[in-house]
Amino acid sequence: MITYKIGFDQIDWDSLLKLYTLTDGVIGLARKKEHERIQRAFANSYKIVTAWKGQDIVGAGRMISDGECYGWVHDVAVHPDYRRQNIGRSIMEHLLHDEKLLTGLTSSFEAVEFYDALGFKKHKTAMAKYPGASPYLE
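Heads up: the sequence shown begins at 1 in our numbering, then just goes up one per residue.
1) Could you say if the segment 81-96 and the segment 46-64 meet the contact criterion of at least three C-beta pairs nearer than 8 Å?
2) Taking just the CA atoms, how far does Ala111 sit from Thr3?
3) Would Leu95 and Val26 qualify as a contact pair, given that the criterion is a beta-carbon distance under 7 Å?
4) Look at Trp72 and Gly104 and say whether their C-beta atoms are less than 7 Å apart.
5) Pull the bridge partners of Asp56 from the DSSP assignment, please.
6) Tell me, to the nearest whole angstrom, how far the beta carbon of Leu19 is from that of Ile38; I am working on the premise that it is less than 8 Å.
7) With a threshold of 6 Å on Cβ separation, who are the neighbours of Asp14 within its own chain once the five nearest residues in sequence on each side are excluded?
8) Hey, how far is the Cα of Asp116 from the Cα of Lys122?
9) Roughly how many angstroms separate the alpha carbons of Gly67 and Asp56, rounded to a whole number?
10) I need the DSSP call for Arg40, collapsed to helix, strand or coil.
11) By Cβ distance below 6 Å, which residues in the same chain neighbour Tyr82 in space, the five residues on each side in sequence not counted?
12) Would you check if the distance between the CB atom of Arg31 and the CB atom of Thr21 is smaller than 7 Å?
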């Protein structure tokens, strides 16, 4: 059974970093072993959701927001062995629950259909500035 926890204090950092290393999450910071930077990023998040199978985090996501107008979803990841079990959908539902925000996100190429099924649409004028090269930029 998968259980969901909300908040920074609920995180088992070894388990979360293992997930993000496997999924190359948090803009590659886990792979680079920049664990303190990931912890600071999560500490500054508006909302964090983790999905647990026993003692292991098998999915996670977070939102950055001003709490009034805008929210931005980041770092949604599900362990490959647990995909297609509605864990990603449940993480998103927890992140968006009771929020009345204009919510945006950037998707990996393989997750575009997933976010489309959740009601997200492509934005005609969205732009981004990455700290380095990215296959997502034109």
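The beta-carbon is built from N, C-alpha and C at its ideal position, and this holds for glycine as well. This structure is a prediction, so every number in the text was calculated from the model and none was measured.
Taking the geometry as given:
1) By the C-beta criterion, the segment 81-96 is judged to be in contact with the segment 46-64, since at least 3 inter-stretch pairs fall below 8 Å.
2) The residue given as residue 3 occupies position 3 in the sequence shown. The residue given as residue 111 occupies position 111 in the sequence shown. Their backbone Cα atoms lie some 22 Å apart in a straight line.
3) The residue labelled residue 95 in the question sits at position 95 within the sequence shown. The residue labelled residue 26 in the question sits at position 26 within the sequence shown. Cβ distance not < 7 Å, so Leu95 and Val26 don't count as in contact.
4) One-based indexing of the sequence shown puts residue 72 at position 72. One-based indexing of the sequence shown puts residue 104 at position 104. Their beta carbons are under 7 Å apart, which means Trp72 touches Gly104 by this criterion.
5) Here residue 56 refers to the residue found at position 56 of the sequence shown. The partner list for Asp56 (beta bridge, DSSP) reads Lys53.
6) Stepping through the sequence shown from its first residue, residue 19 is reached at position 19. Stepping through the sequence shown from its first residue, residue 38 is reached at position 38. About 11 Å separates the two Cβ atoms, so there is no contact after all.
7) Counting from one through the sequence shown, the residue named residue 14 turns up at place 14. For Asp14, where only same-chain residues beyond five positions count, there are no Cβ hits under 6 Å.
8) Taking the sequence shown and counting its residues from 1, the one referred to as residue 116 is at position 116. Taking the sequence shown and counting its residues from 1, the one referred to as residue 122 is at position 122. Using only the alpha carbons, I get a separation of about 8 Å.
9) Indexing the sequence shown from 1 puts residue 67 at position 67. Indexing the sequence shown from 1 puts residue 56 at position 56. Roughly 29 Å separates the two Cα atoms.
10) Position 40 of the sequence shown, counted from the start, is the residue given in the question as residue 40. In the structure shown, Arg40 sits in a helix (DSSP, three-state: H, G or I).
11) Translated into the one-based positions of the sequence shown, residue 82 becomes position 82. Val58.
12) By one-based count along the sequence shown, residue 31 stands at place 31. By one-based count along the sequence shown, residue 21 stands at place 21. Taking 7 Å as the Cβ cut-off, Arg31 and Thr21 qualify as a contacting pair.
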